[in-house]
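Trainee: One structure follows; several queries about it will come next.
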Amino acid sequence: MVAKITTGKSLHGLLVYNENKVKLGEAKVLSGNGFPSGFELSSVKTKLRRFEKLTDLNRRTKTNCVHISLNFSPKDKIDDELLKYTAKEYMKRIGFAVQPYLVYRHYDAGHPHIHIVTTNIDAGGKRIETHDLGKNQSEKARRLLEKELGLIKAEDQKKEYTIRTPLEKAEYGIAETKSLVSNIVTEVLRNYYFGSFSAFNAVLSQYKVEAVEAGKVTEEGKMPGLLYFILDNRGKRVSVPVKASSIHSRPTRRAVDRKIEAFKKAAYKPNKEMKQRISDALNACKNNERNLKQFGEELRKRAVYFKPAYTVDGKLFGTTYVDNISRTVFKGSEIGKEFTASGIQREFLGSQLNIFNKTDIDGSGKFGSFNLEYPYPEYHTQSNQDYLNPDLSKIISSRSLRIPEQEYAGPNPFKRRKKRKKKPNS
Numbered sequence: 004m005v006a007k008i009t010t011g012k013s014l015h016g017l018l019v020y021n022e023n024k025v026k027l028g029e030a031k032v033l034s035g036n037g038f039p040s041g042f043e044l045s046s047v048k049t050k051l052r053r054f055e056k057l058t059d060l061n062r063r064t065k066t067n068c069v070h071i072s073l074n075f076s077p078k079d080k081i082d083d084e085l086l087k088y089t090a091k092e093y094m095k096r097i098g099f100a101v102q103p104y105l106v107y108r109h110y111d112a113g114h115p116h117i118h119i120v121t122t123n124i125d126a127g128g129k130r131i132e133t134h135d136l137g138k139n140q141s142e143k144a145r146r147l148l149e150k151e152l153g154l155i156k157a158e159d160q161k162k163e164y165t166i167r168t169p170l171e172k173a174e175y176g177i178a179e180t181k182s183l184v185s186n187i188v189t190e191v192l193r194n195y196y197f198g199s200f201s202a203f204n205a206v207l208s209q210y211k212v213e214a215v216e217a218g219k220v221t222e223e224g225k226m227p228g229l230l231y232f233i234l235d236n237r238g239k240r241v242s243v244p245v246k247a248s249s250i251h252s253r254p255t256r257r258a259v260d261r262k263i264e265a266f267k268k269a270a271y272k273p274n275k276e277m278k279q280r281i282s283d284a285l286n287a288c289k290n291n292e293r294n295l296k297q298f299g300e301e302l303r304k305r306a307v308y309f310k311p312a313y314t315v316d317g318k319l320f321g322t323t324y325v326d327n328i329s330r331t332v333f334k335g336s337e338i339g340k341e342f343t344a345s346g347i348q349r350e351f352l353g354s355q356l357n358i359f360n361k362t363d364i365d366g367s368g369k370f371g372s373f374n375l376e377y378p379y380p381e382y383h384t385q386s387n388q389d390y391l392n393p394d395l396s397k398i399i400s401s402r403s404l405r406i407p408e409q410e411y412a413g414p415n416p417f418k419r420r421k422k423r424k425k426k427p428n429s
């Protein structure tokens, strides 16, 4: 069992995140502590008010939100009752037995996992110390529960692809933007291998983060600066930009380019095991529902993230596959003809695959773990030169890579302040 504890300042944002998952059918309220019967059906406002009865007792403490995720191996034979028991025992052993908390079971990953929402303000208005909570109480509780319940140890899980790193998707409003982006970008740049800037963005998009080139165009035609944004479920930028140079690990354009060059120098190729998993996903769709939504879900079960690219009129023209086992990224053409845009088109719709066709997505607009009104709109605003034929290149290159004013109307983060001239002493 892998446990991850984060703290934040927005209980409302955290509740909205989990409740939205419930509405989308990607999660359910599993249990709760300190809530009246029937709380599962109550509104976000009602649930929030229960926590506010405690947080109102200590308004000086701004970081009053605790978010815990418990991740289990797919090999663990675990049902809802065992998850409830595990959550209850875990909370008791880390010192939160009498705190109100909600337990949500999520279905948006390839392994069983739960999310726990609580507060670190107790009934007396005192702040419960969370510093080193993960390293001390949580580690002790985790080891004991693994032994008592026969769960696969966290050390062994780190060898498995599904929860090798329990990295959460960015959710704007739950925690500080810079902290969220820094955590995700640092992890991706450190552990994934990719051969292009668009491939780097494909990995980031799993976690709802986008890298955008910015600054003045150099003689080589590059923009030297990088900004990172958090995306909503439709791929729209919803956060303020975070400059790469302001992040401790400095995931700048130069750092990304070094990673790209290392990938090319090492001449990475898709391994047979990866190809087999993608092929199995495709075959599963042939036997069942034949559409992109189903294909994406089958791939996700096999630890592969599928990133399609669309033209401005909604037609598929590129495919990227992120393998979360080998942590490598490849275009469909590098894996096999049947996995390219044209190959997928032949498999699913014969000759033409248009995303506006109702057979591609269901009525809810869901694709895999995303809720999309227009699937993957970021491909309409960012460069994807790796996929483009000459005609498409003209369409994409005509679009500015600078931040659109309607999406970010703040000051240019790369603009230097002018020094004021000192007035001579009179």
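With the sequence shown counted from 1, adding 3 to any position gets you the numbering used here.
Note that CB positions come from ideal geometry on N, CA and C, so glycine has one too.
Tell me whether Thr49 is buried or exposed, calling it buried when 16 or more other Cβ atoms sit within 10 Å of its Cβ.
Mentor: Residue numbering aside, residue 49 sits at position 46 when the sequence shown is read from its first letter. Exposed is the call here.
Trainee: Taking just the CA atoms, how far does Leu57 sit from Gly127?
Mentor: Start at 1 with the first residue of the sequence shown, and residue 127 comes out as number 124. Start at 1 with the first residue of the sequence shown, and residue 57 comes out as number 54. Between Gly127 and Leu57, the C-alpha separation is close to 8 Å.
Trainee: Using a Cβ-Cβ cutoff of less than 6 Å, which residues in the same chain neighbour Ala247 once the five nearest sequence positions on both sides are dropped?
Mentor: Counted from its first residue, the sequence shown places residue 247 at position 244. Same-chain partners within the cutoff: Leu229, Pro254 and Thr255.
Trainee: Are the CB atoms of Tyr107 and Lys24 nearer to each other than 8 Å?
Mentor: On the sequence shown, position 104 is the one that residue 107 refers to. On the sequence shown, position 21 is the one that residue 24 refers to. Yes, Cβ-Cβ distance for Tyr107 and Lys24 is below 8 Å.
Trainee: Mind pulling the beta strand (DSSP E) runs of 3 or more residues that sit fully within the region 55-115?
Mentor: Counting whole runs of 3 or more residues, the region 55-115 contains the beta strand (DSSP E) stretches 68-74 and 104-109.
Trainee: Could you tell me which residues DSSP puts in a beta bridge with Lys310?
Mentor: The residue given as residue 310 occupies position 307 in the sequence shown. Beta-bridge pairing links Lys310 to Thr323.
Trainee: What residue from Lys87, Val19, Leu207 and Ser141 has the CA that sits closest to Leu183's CA?
Mentor: In the sequence shown, residue 183 corresponds to position 180, counting from 1. Residue Leu207 is the option with its Cα nearest to Leu183.
Trainee: Taking Ile187 as part of the alpha helix (DSSP H), name the residues at either end of that continuous run.
Mentor: For the purposes of this step, residue 187 is identified with residue 184 of the sequence shown, where counting begins at 1. Here the alpha helix (DSSP H) through Ile187 covers Thr180 to Asn194.
Trainee: Express the C-alpha separation of Lys272 and Phe75 in angstroms, rounding to a whole number.
Mentor: The sequence position of residue 75 within the sequence shown is 72, counting from 1. The sequence position of residue 272 within the sequence shown is 269, counting from 1. So the two alpha carbons sit approximately 30 Å from each other.
Trainee: Suppose you measure from the CA of Glu84 to the CA of Lys138; what does that come to, to the nearest Å?
Mentor: For the purposes of this step, residue 84 is taken as residue 81 along the sequence shown, with counting starting at 1. For the purposes of this step, residue 138 is taken as residue 135 along the sequence shown, with counting starting at 1. The alpha-carbon atoms of Glu84 and Lys138 are separated by roughly 27 Å.
Trainee: Short of 6 Å in beta carbon distance, which residues of its chain neighbour Tyr308, apart from the five on each side in sequence? Order them along the chain.
Mentor: What you label residue 308 is simply residue 305 of the sequence shown in a count that begins at 1. Counting only Cβ-Cβ distances below 6 Å, and skipping sequence neighbours, we find Gln209 and Val325.
Trainee: In its own chain, which residues sit with a C-beta less than 7 Å from the C-beta of Ile281, not counting the 5 before and 5 after it?
Mentor: Along the sequence shown, one-based indexing puts residue 281 at 278. Counting only Cβ-Cβ distances below 7 Å, and skipping sequence neighbours, we find Leu302, Val307, Tyr324, Ile338 and Phe342.
Trainee: What do you reckon, is the C-beta of Phe333 under 7 Å from a heavy atom of the ligand HEM?
Mentor: For the structure depicted, the ligand HEM is absent and the ligand set is empty, with no information on it obtainable.
Trainee: Please classify Thr66 as buried or exposed, where buried requires at least 16 neighbouring CB atoms within 10 angstroms.
Mentor: Position 63 of the sequence shown, counted from the start, is the residue given in the question as residue 66. Its Cβ having fewer than 16 others within 10 Å, Thr66 is exposed.
Trainee: Leaving out the 5 sequence neighbours to the left and right, which residues in its chain are closer than 6 Å to Ala202 when beta-carbon positions are compared?
Mentor: Sequence index remark: in the sequence shown, residue 202 carries index 199 (1-based). Excluding residues within five positions, the ones whose Cβ falls inside 6 Å are Val332.
Trainee: Please name the residue or residues paired with Glu213 in a DSSP beta bridge.
Mentor: Position 210 of the sequence shown, counted from the first residue, corresponds to residue 213. Answer is Phe232, bridged to Glu213.
Trainee: Hey, Val215 and Ile187 are a contact pair by Cβ (cut 8 Å); roughly how many whole angstroms apart?
Mentor: As a working mapping, residue 215 is identified with position 212 in the sequence shown. As a working mapping, residue 187 is identified with position 184 in the sequence shown. About 15 Å separates the two Cβ atoms, so there is no contact after all.
Trainee: If contacts are defined as beta-carbon pairs under 8 Å, then Tyr195 and Arg330 qualify, I think. What distance do you get, rounded to the angstrom?
Mentor: Counting from 1 along the sequence shown, the entry for residue 195 is found at position 192. Counting from 1 along the sequence shown, the entry for residue 330 is found at position 327. Sure, about 5 Å apart at Cβ, within 8 Å.
Trainee: Should Tyr88 go down as buried or exposed, given a rule of 16 or more other Cβ atoms within 10 Å for buried?
Mentor: As a first step, residue 88 is located in the sequence shown; it is residue number 85 there, counting from the start. Tyr88 is exposed by the Cβ-count criterion.
Trainee: What are the residues that DSSP puts in a beta bridge with Gly11?
Mentor: Along the sequence shown, one-based indexing puts residue 11 at 8. For Gly11, which the question treats as bridged, DSSP gives the partners Cys68.
Trainee: If we ignore side chains and look at the alpha-carbon of each, how far apart do Arg52 and Ser40 end up?
Mentor: For this step, residue 52 is matched to residue 49 along the sequence shown. For this step, residue 40 is matched to residue 37 along the sequence shown. Between Arg52 and Ser40, the C-alpha separation is close to 15 Å.
Trainee: Secondary structure at Ile250, three-state DSSP: helix, strand or coil?
Mentor: As a working mapping, residue 250 is identified with position 247 in the sequence shown. Three-state result, Ile250: coil.
Trainee: Taking His114 as the reference, give the member of Ser72, Ser242 and Leu136 with the closest Cα.
Mentor: Here residue 114 corresponds to residue number 111 of the sequence shown, with the count starting at 1. Considering only alpha carbons, the answer is Ser72.
Trainee: Can you grab the Cα-Cα spacing for the pair Arg257 / Lys143, in whole Å?
Mentor: As a working note, residue 257 is residue 254 in the sequence shown. As a working note, residue 143 is residue 140 in the sequence shown. For Arg257 and Lys143, the distance between alpha carbons rounds to 41 Å.
Trainee: Which stretch, first to last residue, makes up the alpha helix (DSSP H) that contains Phe298?
Mentor: Along the sequence shown, one-based indexing puts residue 298 at 295. That run of the alpha helix (DSSP H) goes Leu295 to Lys304.
Trainee: Go through its chain and collect everything with a Cβ distance to His116's Cβ below 7 Å, but skip five positions before and after it.
Mentor: Within the sequence shown, numbered from 1, the residue matching residue 116 stands at position 113. For His116, where only same-chain residues beyond five positions count, the Cβ hits under 7 Å are Ser72, Leu73, Asn74, Phe75 and His109.
Trainee: Could you spell out the range, first to last residue, of the alpha helix (DSSP H) harbouring Lys262?
Mentor: The count along the sequence shown starts at 1 and reaches residue 262 at position 259. Note, Lys262: alpha helix (DSSP H), Arg256 to Ala269.
Trainee: Which value, in whole angstroms, describes the spacing of the CA atoms of Ile233 and Pro244?
Mentor: To locate residue 233, count along the sequence shown from 1; it is residue 230. To locate residue 244, count along the sequence shown from 1; it is residue 241. Near 8 Å, if we compare the C-alpha coordinates of Pro244 and Ile233.
Trainee: Does DSSP put Ala284 in a helix, in a strand, or in coil?
Mentor: Along the sequence shown, read from residue 1 onward, the residue named residue 284 stands at position 281. DSSP places Ala284 in helix when its eight states are reduced to three.
Trainee: So, for Lys278: in the same chain, excluding its five sequence neighbours on each side, which residues have a beta-carbon less than 8 Å away from its beta-carbon?
Mentor: Looking up residue 278 in the sequence shown gives position 275. Contacts found: Ile338 and Gly339.
Trainee: Have a look at the DSSP bridge pairing and note the partners of Lys219.
Mentor: The residue labelled residue 219 in the question sits at position 216 within the sequence shown. Beta-bridge pairing links Lys219 to no other residue.
Trainee: What is the DSSP secondary structure of Thr49, counted as helix, strand or coil?
Mentor: In the sequence shown, counting from the first residue as 1, residue 49 sits at position 46. Of the three classes helix, strand and coil, the one that applies to Thr49 here is helix, per DSSP.
Trainee: Counting along the chain, where does the alpha helix (DSSP H) carrying Ser336 start and finish?
Mentor: On the sequence shown, residue 336 is found 333 positions in, with the first residue counted as 1. Here the alpha helix (DSSP H) through Ser336 covers Gly335 to Ile338.
Trainee: Reducing DSSP to helix, strand and coil, say where Ala344 ends up.
Mentor: Within the sequence shown, the letter at position 341 stands for residue 344. Reduced to three states, the DSSP call for Ala344 is helix.
Trainee: Inspect the beta-carbon positions of Ala100 and Ser34 and report whether they are closer than 8 Å.
Mentor: The residue labelled residue 100 in the question sits at position 97 within the sequence shown. The residue labelled residue 34 in the question sits at position 31 within the sequence shown. No; because the gap between Cβ atoms is not below 8 Å, this pair is not in contact.
Trainee: My guess is that Leu319 and Ala344 are in contact by the Cβ rule of under 8 Å, so how many angstroms apart are they, rounded?
Mentor: Residue 319 sits at position 316 when you count from the first residue of the sequence shown. Residue 344 sits at position 341 when you count from the first residue of the sequence shown. About 5 Å separates the two Cβ atoms, so the contact holds.
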